[in-house]
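Line by line, the protein sequences give chains A and B. Sequential numbering from 1 applies to the first sequence in my numbering. Sequential numbering from 1 applies to the second sequence in my numbering. All residues carry an ideal CB built from backbone N, CA and C; glycine is no exception. Okay, structure first, notes after.
2 protein chains.
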Amino acid sequence: MAKELKELTPRSVSYSQWYQDLVIKADLAENSAVRGCMVIKPYGYAIWENMQRELDRMFKETGHVNAYFPLFIPKSFLSKEADHVEGFAKECAVVTHYRLKNNPDGSGVVVDPEAKLEEELIVRPTSETIIWNTYKNWIQSYRDLPILCNQWANVVRWEMRTRLFLRTAEFLWQEGHTAHATREEAEEEAVKMLHVYGDFAENFMAVPVHKGVKSANERFAGAVETYTIEALMQDGKALQSGTSHFLGQNFAKAFDVQFATKEGGRDYVWATSWGVSTRLMGALIMSHSDDNGLVLPPKLAPLQVVIVPIYKGEEQLKAIADKVDPLISKLKAAGVRVKFDDSDNKKPGWKFAEYELKGVPVRLAMGLRDMENNTVEVARRDTLTKQTVSFENLDTYLINLLDEIQQNIFQKAFDYRTANTRTVETYEEFKVELEKGGFLLAHWDGTPETEELIKDETKATIRCIPLEGDKTPGKCMVTGKPSAQRVLFARAY
Amino acid sequence: MAKELKELTPRSVSYSQWYQDLVIKADLAENSAVRGCMVIKPYGYAIWENMQRELDRMFKETGHVNAYFPLFIPKSFLSKEADHVEGFAKECAVVTHYRLKNNPDGSGVVVDPEAKLEEELIVRPTSETIIWNTYKNWIQSYRDLPILCNQWANVVRWEMRTRLFLRTAEFLWQEGHTAHATREEAEEEAVKMLHVYGDFAENFMAVPVHKGVKSANERFAGAVETYTIEALMQDGKALQSGTSHFLGQNFAKAFDVQFATKEGGRDYVWATSWGVSTRLMGALIMSHSDDNGLVLPPKLAPLQVVIVPIYKGEEQLKAIADKVDPLISKLKAAGVRVKFDDSDNKKPGWKFAEYELKGVPVRLAMGLRDMENNTVEVARRDTLTKQTVSFENLDTYLINLLDEIQQNIFQKAFDYRTANTRTVETYEEFKVELEKGGFLLAHWDGTPETEELIKDETKATIRCIPLEGDKTPGKCMVTGKPSAQRVLFARAY
């Protein structure tokens with residue numbers, strides 16, 4: 001049983017099969033009866049809840065409030081912003097009727113043809129249009145600004161090729177939508193939220209990210225500027241993990257949202273939007289996990305420490321339980337998520353394999369000899385190492401260890417990224433290096449044409465124009481034309 | 001401005017207009033561009049978040065975990081449970097297409113007729129069907145049971161007559177769906193969750209509720225037994241505020257979910273489901289609020305204490321700010337949600353009116369004379385009384401006061417309900433008393449026919465067969481036939 005449970009396709013055989021196996025076997029998510037829609041299982045959802053809690057705290061600390069806007073968008077709304085319609089009014093779920101009726105032949109229910117909507121409704125693929133239609137009524141004067149709203153919601157994009165967490169027809173996300181009196185303030189907000197996402201990715205998910213600006217081709221439909229955080233997965237492919245958009249006055253103009261300025265004039269409102277989704281689950285899984293299963297950073301792990309007793313008979317179990325009880329109390333008081341697994345229908349070996357698969361950061365095993373020696377066996381999930389540790393001050397030891405594991409997981413991912421980020425000079429070199437995977441820093445002439453050509457020939461895209469790092473100008477590796485700075489290329493999910 | 005903002009239609013003039021005014025003017029919610037779908041505004045959403053947090057904690061303390069299931073349900077699923085289809089497969093949003101395309105005439109987007117779904121998808125009105133179709137794969141043996149899942153989600157029921165929070169086409173809710181090995185365990189679970197809802201209503205919302213069983217007519221479509229909590233609004237109408245269903249083996253049979261029993265046999269799985277929704281916001285508002293605005297129980301108020309400085313000039317403001325600063329720190333450390341409103345573009349009178357409208361439980365006003373006397377003016381929202389209180393140990397005073405307000409709001413609602421719950425003997429008496437509003441306890445012969453007759457003639461429905469209270473048998477007020485116990489009647493939302 002233990003063996004069968006643990007069996008994942010090794011990453012070296014098939015990275016994508018390994019990912020699929022892991023998501024299923026670690027009970028994170030599964031496909032549902034509805035094409036492209038997933039079921040997020042309790043263990044996967046518990047990780048998502050931890051992500052939500054931290055992000056929500058960060059949003060509120062930066063002055064945002066939550067609200068809720070309708071699931072449905074009138075079809076005509078999608079046409080109001082010219083670029084937006086191109087990007088979003090395509091593959092989406094369309095509600096055309098509002099009633100079913102019993103099939104006269106008794107075979108079940110059929111759509112009632114008389115209950116046809118006058119205007120079709122679209123299940124939101126993103127909410128700029130319905131929200132800006134609402135903001136129109138909220139904003140009269142500069143005194144009504146800024147509006148700093150976020151919503152936690154489900155959205156639907158009718159993707160043809162789906163993968164659990166990475167690309168699903170329905171997914172969960174948050175979308176921030178802010179309204180400002182000045183261009184500067186809106187731009188500042190968009191950048192501020194990019195940094196919130198970057199902090200969250202690095203300090204909670206332990207995923208190092210590059211922050212930068214998208215090229216025009218890769219920009220959000222309707223945005224003036226799209227900021228992005230880009231992470232590197234273990235197979236050398238990039239994953240866009242969060243975006244923040246400076247929308248200019250595009251949506252205010254589309255929905256005629258004007259305000260009385262402080263100076264007594266009238267102007268259109270400036271906007272941003274920003275979002276991260278359950279795609280972050282994919283980033284988390286693919287950044288750290290190994291052929292034995294999940295590796296979770298302690299800050300997001302639903303269970304941080306598990307204690308497995310090794311015993312024969314009720315008496316030994318009771319002795320071990322009595323011994324660890326005060327430890328558990330101390331850990332809980334310190335906010336550590338800890339569990340004593342005294343279930344008697346599974347062997348310790350099975351439990352070890354299960355918790356390894358589930359990525360629990362620290363596993364303690366305690367048997368008779370440990371009791372006699374006042375020690376415990378501490379196993380780290382990140383390094384797969386074991387150590388015998390004294391029971392004295394074990395709570396402090398474990399709290400420090402969780403910190404150390406969080407750091408170590410980040411450092412490992414950071415080192416991997418460093419080793420897989422290369423600077424290239426020529427297009428030939430670019431093509432050779434690209435086959436090794438990872439990020440490539442190269443000069444580009446800034447034109448969509450060159451970007452397209454590179455994409456067509458190599459499948460590499462510009463992940464971002466980095467905000468930080470080397471800003472030296474140069475010459476485009478393809479055309480030789482001037483380049484303002486190196487940009488970050490990769491093949492991406 | 002202050003006057004205009006505060007102006008609500010008095011309850012005595014029109015209770016329903018008062019409710020509508022209050023929801024809009026207190027910034028709780030508003031209608032959206034999509035028929036029947038509301039926008040929950042930040043202040044309303046903050047109350048809902050407080051409800052969610054407490055309920056979620058209570059669910060987890062009783063052993064439940066969260067998960068997420070698809071928004072869409074294949075049309076055929078709704079037909080699988082015979083009663084369920086009657087109740088839910090009627091007024092619902094039907095997705096028939098998955099793509100839009102540009103209108104050749106350039107006027108916008110149209111539904112692509114080629115992108116028609118083979119089977120239509122229904123936006124979930126409730127999730128029993130999709131969840132039991134999923135559970136089929138999760139359950140093989142008694143060792144896989146119980147499953148105790150909850151989900152926080154949006155659902156859609158195409159209501160024709162909608163009212164903010166009380167009845168909307170889309171609403172937010174939680175739905176628990178549990179699977180058990182025995183009938184007894186499932187029944188116990190359904191009753192346990194009824195009590196969780198009752199505790200939440202009484203101890204957090206300060207809304208007294210009757211707990212009971214629904215008559216067959218009022219039962220959830222597909223349930224064997226529906227338990228309910230019923231509250232009384234200030235206009236004398238009842239509001240069903242939460243339900244918990246014992247589903248028997250109905251859904252397990254519909255989706256063929258069998259398991260290997262401990263005894264070596266096979267059986268269908270036993271089920272419950274239970275839910276509360278944003279309708280609770282309506283219950284909260286209508287239970288306590290008055291003609292001046294919202295009255296919020298402190299445990300759910302987004303802001304519990306607001307401090308308004310009365311000053312002239314920066315210097316006075318600074319002196320007041322310095323004085324209240326340590327108080328604010330102490331209150332925050334004690335978990336009190338407190339705000340110092342030093343905004344200089346609004347007069348104190350305007351602020352007073354605004355916080356009254358928004359139902360902030362305690363308002364402190366501090367001016368120069370208070371500074372000199374080391375006192376502060378404390379205004380209670382629930383009683384609309386003011387008192388001058390010493391600044392010494394003010395934090396303790398306020399923490400106790402918040403408790404007292406919570407109790408007082410509950411007691412007031414409880415006394416109102418007691419005064420408006422009457423025992424009647426004859427059907428004539430029933431009709432007379434019903435016009436006064438409130439709950440009526442009367443004998444009923446237990447038949448759907450008599451229940452229907454009463455409903456047709458008086459618009460009163462059986463809210464529940466109470467679990468607690470007088471169980472003396474008697475004779476039906478309409479037919480004279482035997483009645484097992486008095487049941488609770490009312491006109492209801």
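Just measuring C-alpha positions, the residue of A:F391, A:G275, A:A353 sitting nearest I320 (chain A) is A:F391. For G176 (chain A), the enclosing beta strand (DSSP E) stretches over residues 170 to 180. DSSP places F391 (chain B) in the coil class of the three-state scheme, outside both helix and strand. Close partners of S244 (chain A) in chain B (Cβ separation under 9 Å) are lacking, with about 20 Å as the shortest Cβ gap. The continuous stretches of beta strand (DSSP E) do not include R183 (chain A), which lies in the alpha helix (DSSP H) extending over residues 183 to 203. In the three-state DSSP reduction, Y397 (chain A) falls in the helix class (H, G or I). At a cut-off of 8 Å between C-beta atoms, K351 (chain B) does not count as an interface residue with respect to chain A.
Here Q17 (chain B) is exposed, its C-beta having fewer than 16 other C-beta atoms within 10 Å. Between A26 (chain A) and L294 (chain A), the C-beta spacing is below 8 Å.
Around the C-beta of G63 (chain A), fewer than 16 other C-beta atoms lie within 10 Å, and the residue is accordingly described as exposed. In this structure, T450 (chain A) places its C-beta atom within 8 Å of the C-beta atom of V478 (chain A). Within the stretch 309 to 351 of chain A, the alpha helix (DSSP H) runs of at least 4 residues that lie entirely inside it are, in chain order, 313 to 333. Look at A413 (chain B) here: in three-state DSSP terms it is helix. Between K60 (chain B) and K237 (chain B), the alpha-carbon positions lie close to 33 Å from each other.
Among the residues of the stretch 348 to 378 of chain B, none has a Cβ less than 8 Å away from any Cβ of chain A. A Cβ of chain B is located within less than 8 Å of the beta carbon of R99 (chain A). Under the Cβ distance rule, G108 (chain B) counts among the residues neighbouring chain A, one pair being separated by less than 8 Å.
In the same chain as T9 (chain A), and ignoring 5 residues on each side of it, the C-beta atoms closer than 6 Å to its own belong to Q17, W18, D21, in chain order. Assigned with DSSP and collapsed to three states, T243 (chain B) falls in strand. Looking at the backbone, the Cα of I399 (chain A) and that of V336 (chain A) are separated by about 8 Å. What S12 (chain A) touches in chain B, judged by beta-carbon distance under 8 Å, is nothing: the nearest beta carbon there is about 30 Å away.
The DSSP assignment places complete beta strand (DSSP E) segments of no fewer than 3 residues inside the stretch 89 to 121 of chain A at 94 to 97, 100 to 102, 109 to 111, in order along the chain.
Against chain A, a Cβ distance below 8 Å from W158 (chain B) picks out Y98, R99. In this structure, the alpha-carbon of I147 (chain A) lies about 10 Å from that of P42 (chain B).
Burial is judged here by how many other beta carbons sit within 10 angstroms of a residue's own beta carbon; K351 (chain A) has at least 16 and is buried.
Residue burial is scored here from C-beta neighbours: M160 (chain B) has fewer than 16 other C-beta atoms within 10 angstroms and is therefore classed as exposed. Residue contact check for T272 (chain B) against chain A: no CB pair falls below 8 Å. If you draw a straight line from the Cα of R279 (chain B) to the Cα of E170 (chain B), it comes to about 11 Å.
Here G242 (chain B) is buried: its Cβ has 16 or more other Cβ atoms, across all protein chains shown, within 10 Å. Ranked by Cα distance from P361 (chain B), the first of B:F220, B:E185, B:P302 is B:P302. Those residues of the stretch 53 to 74 of chain A placed with their C-beta closer than 7 Å to a C-beta in chain B are V65, N66, A67, Y68, F69, P70, L71, F72, P74, ordered along the chain. Considered as a whole, the stretch 402 to 452 of chain A harbours 427 to 434 as its complete alpha helix (DSSP H) runs of no fewer than 4 residues, in chain order. The beta carbon of T126 (chain B) is closer than 7 Å to those of F88, V155, E175 in its chain, skipping five residues each way along the sequence. Contacts between N133 (chain A) and chain B, judged by CB atoms closer than 9 Å, involve S32, A33 in chain order. Taking 8 Å as the cut-off between beta carbons, the residues of the stretch 78 to 94 of chain A near chain B are L78, S79, V85, A89, K90, E91, C92, A93, V94, in sequence order. Interface flag for I462 (chain B) against chain A is unset, since no Cβ pair is found closer than 8 Å.
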